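*Asks:* Mind having a look at this structure? Questions to follow.
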Amino acid sequence: MSRVASRYRLTAKELIGALMDVGRRPNLFTVRPDGEVVFNAEARAVVAAFCRMPEEHLHRAMPGWGRDVAPGRLGNGPAAWVRTAATIGPTGPGCRACTATATQAREEARRYLLPHGRVCVKHRCWMLETPVVDGATAGPGQVDLRHVPQIGAAQRRHVRLLRRHPHAAEAFTMAQAILAPWWDESWPEESLWPERLRLMTPCNDLAWRAVARDAVTYPEAVTLTAVLADTGVQKQLLADAGRHQPHALADVPGFVGELARRLERPWIADRLSAITTGPLNAWVRACVRSHAGHKPKTRSMWRVSPPHRPTPVSRLLAEGRPKDEVPVKPESPSAPDTAETAESAAKGFARGLRHAHAYAAEHGNLCAPNTACEEGFAVGLWLANQRAAGPELAPERAAALHSLDPWWNPPWNLWWQRVYHRAQAHVRAGHFLAPELGFPGTREGLGEWLYDQCTAYHQLHPQQQRLLTDIGITPERARAAKPRRKNLKAVRRTALDHARSYAARHGHLCAPTSVCQDGFAIGKWLHSQRVRARRGQLEPALNQALAVIDSWWNPPWPTDWQREHHIAQAAVAAGALLDPEAGFRNFDDHTGQWLYAQYVNYTVLQPGQQHLLARLGITEPVAGTAVPNPTTRHPAMETGLYYARSWAAKHGNLDLSRTAHYGGFPLGRWLVRQRHQANLHHERFDSPWPHEESLARIDPYWNPPWGMVWQRRYQAARAQLAPGQTLAPDKGFPGTPDWTGQWLYGQCAVYDELHPRQQQLLTELGLTAESARAARPRRIAQAAAFAAGLVHARGWADQHGHLAVTGDTSHDGYPLGKWLAHQRKRAARGRLPDDRARALAALDPWWNPPWTMRWQQALHTARTHTISQPLGTTPTSTPCRPSPRNGCSHNAPATTASTTDSTSS
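Numbering (numbering that gives the first Met the number 0) for the sequence shown: 0 to 904.
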């Protein structure tokens, strides 16, 4: 379009805006030479007629010619949709000589740079991916390949690979991601790449090094693609790994050796063996995990995580450009807050790393349980999140954690590593291990664990065997190991002593399985005794001894219920009054929720449970008087169902936004959590979710398979239609609000793709399959569309007092959050008229603050929570405080935060 426009001394923007003029309003605003313009069918016909070129020829010449966009994005008539360079594949100027021959002029033609189509064989040049700045290409555009014949040979091999291997395209993308950090390393042994760069470019400055990266490494990328896509290499990799997940590339020496042989770099094997992170390590783990070569490839095997993707050329040019030159604009991020999100993530990682350093300095390792805290920071949970990223973690972050503990993320169970550190501490204390004698001098649990490792020594990971060798357990000594002898009577006496101590401290024996008493796993031991008692295998003497300590040590109902009853009984004995009409505010959050659940489910409890509740003062006559506490932070299912029923009785459904509160209870957030749990249960199990029926009785469409966005808009559209109103799809839905007509037309466009139950719901509105096929779009003037959004914004501001809404917020079915985000984007670009900006400012002066909307939303949330009480009296919680609920055996004094601490927090 730029070349056609130049014939009339116009720009592409002016030409396309004139051709696509609909109703004297050009619907094209920004055009960049490195972007993409997608035409609808009417626009393609107009352009083809203007250029006097058949559409078949244009479709053959331009791959994106026949691409279309969703009907809802464009209006009627010829229209265009602009896509920026950040949202499309790599593009760049084509071969200059070929372009000059075709156009008979000194012009530039940009083309899609396919991985195997960057070499012009005729003129022996490499087409570079270069951005456009101020309408001109920033960079050389192409490099000379006359002195580098390896590039042309690599392209021919690349084309053959694409024909022969079904996954060659994905393997090439992975190969480029693997080679990018090798290019940045600048290994001293590497001599081919510098020489190739010297032959291809006039100088070796940073700019040329940046733009020529893909060209210089192209032969190795093709070779690496052949290795990754080869099923024989994949099977060899699986044979090297055995049935273990590799920790480092040294665990698969056969694969590393094959890689060094094919790349003709014998020295690279030693370099790669020490790698424990990065794209190559991630691919190796995914290959072993998906059993590549034995079944069809999985998505994770070829996925390149964002931290491992090569840096775009535009960013490399921007970073390498001298300060006194005009900077090259890097590609715009896909979301406006990408930079802010990245900065926030970097600060969060730095904070977590600081606490991880403190934990490692205290414990000597990073094998922290998920419940571990360091100065109020959940360092255990933070480390678990870093391990979940696995080899896809950013290399610099993985290196920082590796410097604190080389085994912070082992490929085996973290519990194994934690017990190993206990054995290592035992050896460092001066005690030697004697497997042939049954590990004397070790604690019982540690001695049993060490003997288990000896019996399964040949099945362990090679790195596990090396770690055991470091503490003196070699393969020879492991074969000679003997089991640790037990004195069963002494063990039983010790366990009963710990049970008595636990009961004296907590008043019961319903300990969680994770609880330890003075280093003894009392929770697991009691659970084992309950299992044996229910199977009829428990000795009567031991059963009687436990019953003497706690008569309800093995109740016929769940032990969690019994433990909560003991906690409630202790609170009542301490003077807490039952106040079911006030939501049990005299009890802590968990206990109050548990008491309300017992009131609701009183009739279905066992007689023994009802008898125990009667001791607390809970009887059947008063069971129906309880109401839940809406300010709870851990709502029980019964609490959520109570407010869900109340909402549905008032509104007729459960279609409410995520931020909606009802009676002070965050019902929207609770329903989102229940939908997530239900969907997760359906993915993992064939049985129905336990609470599915309870919520379905309130609203059959509380969790539809098509998502709540569609359901919420359907309910809003239904509410906007008058009783008995007849829709006229063939006339553009006259008589309906603007956004309702647009939404109904959007459903008509995809009617055949909807769920059968969605089609049934639309039929209830009078929209059948026949009428959907005859539907026409509804045209809305821009002023009318703004007026419709302003009405909903005014309604929201009257109800909540502000316009700081999230992106998914809806008001009476209207997508208010998206509409306001669009107005803020237009204001930032200087395209929002002053009268519209003043109309929004009249509703909320801070509707478009110069700071982030997250800060503004948090301010309104804090203001809402502090209206009823001063900030200094806002209740605070002390993190990581021991409580009777978790059965912690360490006593800690309760602390009260001062007003100054609460305010600063």
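Note that beta-carbon positions come from the ideal geometry of N, C-alpha and C, so glycine has one too. A quick note: this is a predicted structure, and the numbers were derived from the prediction, not measured.
Express the C-alpha separation of R711 and F583 in angstroms, rounding to a whole number.
*Replies:* As a first step, residue 583 must be located in the sequence shown, where it is residue number 584. As a first step, residue 711 must be located in the sequence shown, where it is residue number 712. Near 34 Å, if we compare the C-alpha coordinates of R711 and F583.
*Asks:* Thinking C-beta only, is A647 closer than 8 Å to I697?
*Replies:* For the purposes of this step, residue 697 is identified with residue 698 of the sequence shown, where counting begins at 1. For the purposes of this step, residue 647 is identified with residue 648 of the sequence shown, where counting begins at 1. Yes, these two residues count as a Cβ contact at 8 Å.
*Asks:* Which first and last residues belong to the beta strand (DSSP E) in which R109 is found?
*Replies:* Against the sequence shown, residue 109 aligns to sequence position 110. It spans R109 to Y111 - the beta strand (DSSP E) in which R109 sits, taken as one unbroken run.
*Asks:* Once DSSP output is grouped into helix, strand and coil, what is the label at D578?
*Replies:* As a first step, residue 578 is located in the sequence shown; it is residue number 579 there, counting from the start. Three-state result, D578: coil.
*Asks:* Going by the beta-carbon positions, is the gap between L365 and L392 smaller than 8 Å?
*Replies:* Stepping through the sequence shown from its first residue, residue 365 is reached at position 366. Stepping through the sequence shown from its first residue, residue 392 is reached at position 393. The answer is no: Cβ separation not under 8 Å.
*Asks:* For the alpha helix (DSSP H) holding R82, just list the boundary residues, first then last.
*Replies:* Numbered from 1 along the sequence shown, position 83 holds the residue referred to as residue 82. Careful: R82 lies outside any alpha helix (DSSP H), inside the beta strand (DSSP E) at A79 to R82.
*Asks:* Suppose the cutoff is 8 Å on Cβ atoms and the five residues either side in sequence are ignored; what does the same chain contact list for Q605 look like?
*Replies:* Reading the sequence shown from its first residue, position 606 is the one you call residue 605. In its chain, beyond the 5 residues on either side, P555 and W556 have a beta carbon closer than 8 Å to the beta carbon of Q605.
*Asks:* Can you find at least 3 beta carbon pairs, one from the stretch 765 to 774 and one from the stretch 738 to 746, that sit closer than 8 Å?
*Replies:* yes
*Asks:* Can you tell me whether Y813 is helix, strand or coil according to DSSP?
*Replies:* The sequence position of residue 813 within the sequence shown is 814, counting from 1. Note: Y813 maps to strand in three-state DSSP.
*Asks:* Between S513, R353, G429 and T493, which lies nearest to W414 when the distance is taken from Cα to Cα?
*Replies:* For the purposes of this step, residue 414 is identified with residue 415 of the sequence shown, where counting begins at 1. For W414, the nearest C-alpha among the options comes from S513.
*Asks:* Kindly indicate the opening and closing residues of the beta strand (DSSP E) around F38.
*Replies:* Within the sequence shown, the letter at position 39 stands for residue 38. Looking at the DSSP string, the run of the beta strand (DSSP E) that includes F38 is E35 to F38.
*Asks:* What did DSSP end up calling D143 once you bin it into helix, strand or coil?
*Replies:* Along the sequence shown, read from residue 1 onward, the residue named residue 143 stands at position 144. Assigned with DSSP and collapsed to three states, D143 falls in strand.
*Asks:* Do A247 and A273 have their beta-carbon atoms positioned less than 8 Å apart in this structure?
*Replies:* Against the sequence shown, residue 273 aligns to sequence position 274. Against the sequence shown, residue 247 aligns to sequence position 248. Contact: yes.
*Asks:* Which residues bound the alpha helix (DSSP H) around G591?
*Replies:* Here the question's residue 591 lines up with position 592 in the sequence shown. Segment D588 to V599, the alpha helix (DSSP H) holding G591.
*Asks:* Do A480 and C453 have their beta-carbon atoms positioned less than 8 Å apart in this structure?
*Replies:* For the purposes of this step, residue 453 is taken as the residue at position 454 of the sequence shown. For the purposes of this step, residue 480 is taken as the residue at position 481 of the sequence shown. Yes, Cβ-Cβ distance for C453 and A480 is below 8 Å.
*Asks:* Closest to H356 by CA distance: which of M0, V378 and L611 is it?
*Replies:* The residue given as residue 356 occupies position 357 in the sequence shown. The candidate whose alpha carbon is nearest that of H356 is V378.
*Asks:* Hey, could you find the ends of the beta strand (DSSP E) C747 is sitting in?
*Replies:* Looking up residue 747 in the sequence shown gives position 748. Membership of C747 in any beta strand (DSSP E) is not indicated; the residue belongs instead to the alpha helix (DSSP H) covering D737 to A748.
*Asks:* Quick test of your reading: Y358 and A349, contact by CB under 8 Å. State the CB separation rounded to the nearest angstrom.
*Replies:* Residue mapping note: residue 358 aligns to position 359 of the sequence shown, counting from 1. Residue mapping note: residue 349 aligns to position 350 of the sequence shown, counting from 1. Going by Cβ atoms, the distance from Y358 to A349 rounds to 15 Å, so no, they are not a contact pair.
*Asks:* Does the distance from the C-beta atom of V142 to that of M61 stay below 8 Å?
*Replies:* Reading the sequence shown from its first residue, position 143 is the one you call residue 142. Reading the sequence shown from its first residue, position 62 is the one you call residue 61. Contact: no.
*Asks:* If you run the structure through DSSP and keep just helix, strand and coil, what is E373?
*Replies:* What you label residue 373 is simply residue 374 of the sequence shown in a count that begins at 1. Note: E373 maps to strand in three-state DSSP.
*Asks:* Helix, strand or coil for M126 per DSSP?
*Replies:* Locating residue 126 in the sequence shown gives position 127, counting from the first residue. M126 falls in the strand class under three-state DSSP.
*Asks:* Please name the residue in L57, Y601, A544 and G506 whose C-alpha comes closest to that of A572.
*Replies:* The sequence position of residue 572 within the sequence shown is 573, counting from 1. Closest by C-alpha distance to A572, out of L57, Y601, A544 and G506, is G506.
*Asks:* Here's the rule: buried if 16 or more other CB atoms are within 10 angstroms of the residue's CB, otherwise exposed. What is H307?
*Replies:* Your numbering for residue 307 matches position 308 in the sequence shown. Result: buried.
*Asks:* Determine whether the beta carbon atoms of A176 and P278 lie at a separation below 8 Å.
*Replies:* Reading the sequence shown from its first residue, position 177 is the one you call residue 176. Reading the sequence shown from its first residue, position 279 is the one you call residue 278. In contact: A176 and P278 (Cβ atoms closer than 8 Å).
*Asks:* Use the C-beta contact count for L178: other C-beta atoms within 10 angstroms, 16 or more gives buried, fewer gives exposed.
*Replies:* Here residue 178 corresponds to residue number 179 of the sequence shown, with the count starting at 1. Looking at its Cβ environment, which holds 16 or more other Cβ atoms inside 10 Å, L178 is buried.
*Asks:* Distance check for P410 and H243, CA to CA, integer angstroms please.
*Replies:* Working through the sequence shown from its first residue, we reach residue 243 at position 244. Working through the sequence shown from its first residue, we reach residue 410 at position 411. Going by the C-alpha atoms only, they are around 8 Å apart.
*Asks:* Considering only C-alpha positions, which residue in the set A214, P193, I617 and S809 is nearest to T658?
*Replies:* Here residue 658 corresponds to residue number 659 of the sequence shown, with the count starting at 1. T658 has its Cα closest to that of S809, out of A214, P193, I617 and S809.
*Asks:* Go ahead and pull the three-state DSSP assignment for G91.
*Replies:* In the sequence shown, the residue the question calls residue 91 occupies position 92. Strand, per DSSP.
*Asks:* DSSP three-state label for V804, please.
*Replies:* As a first step, residue 804 is located in the sequence shown; it is residue number 805 there, counting from the start. Reduced to three states, the DSSP call for V804 is coil.
*Asks:* State the CB to CB distance for the pair W552 and L508, rounded to an integer number of angstroms; the pair is presumed to be in contact (CB under 8 Å).
*Replies:* Stepping through the sequence shown from its first residue, residue 552 is reached at position 553. Stepping through the sequence shown from its first residue, residue 508 is reached at position 509. W552 to L508, Cβ: 4 Å. Contact.
*Asks:* Exposed or buried, which one is M0 when buried takes at least 16 other CB atoms within 10 Å?
*Replies:* Taking the first residue of the sequence shown as 1, we reach residue 0 at position 1. Burial call: buried.
*Asks:* Quick one: what does DSSP say F519 is sitting in, helix, strand or coil?
*Replies:* Position 520 of the sequence shown holds residue 519. Three-state DSSP puts F519 in a strand.
*Asks:* Compute the beta-carbon to beta-carbon distance between R270 and W192, rounded to the nearest angstrom, for a pair I have assumed lies under 8 Å.
*Replies:* As a position in the sequence shown, residue 270 is number 271, starting the count at 1. As a position in the sequence shown, residue 192 is number 193, starting the count at 1. The Cβ separation is near 14 Å, so there is no contact.
*Asks:* Would you tell me roughly how many angstroms separate the C-alpha atoms of D751 and A768, rounded to the nearest one?
*Replies:* Translated into positions along the sequence shown, residue 751 becomes position 752. Translated into positions along the sequence shown, residue 768 becomes position 769. Cα to Cα, the separation comes out at about 8 Å.
*Asks:* Going by DSSP in three states, D900 sits in which element: helix, strand or coil?
*Replies:* Your numbering for residue 900 matches position 901 in the sequence shown. In this predicted model, D900 has a pLDDT of only 37, less than 50, meaning its place in the structure is not dependable; the value taken from the coordinates is given anyway. D900 falls in the helix class under three-state DSSP.
*Asks:* When burial is assigned at 16 or more other CB atoms within 10 Å of the CB, is M707 buried or exposed?
*Replies:* Taking the sequence shown and counting its residues from 1, one reaches residue 707 at position 708. Result: buried.
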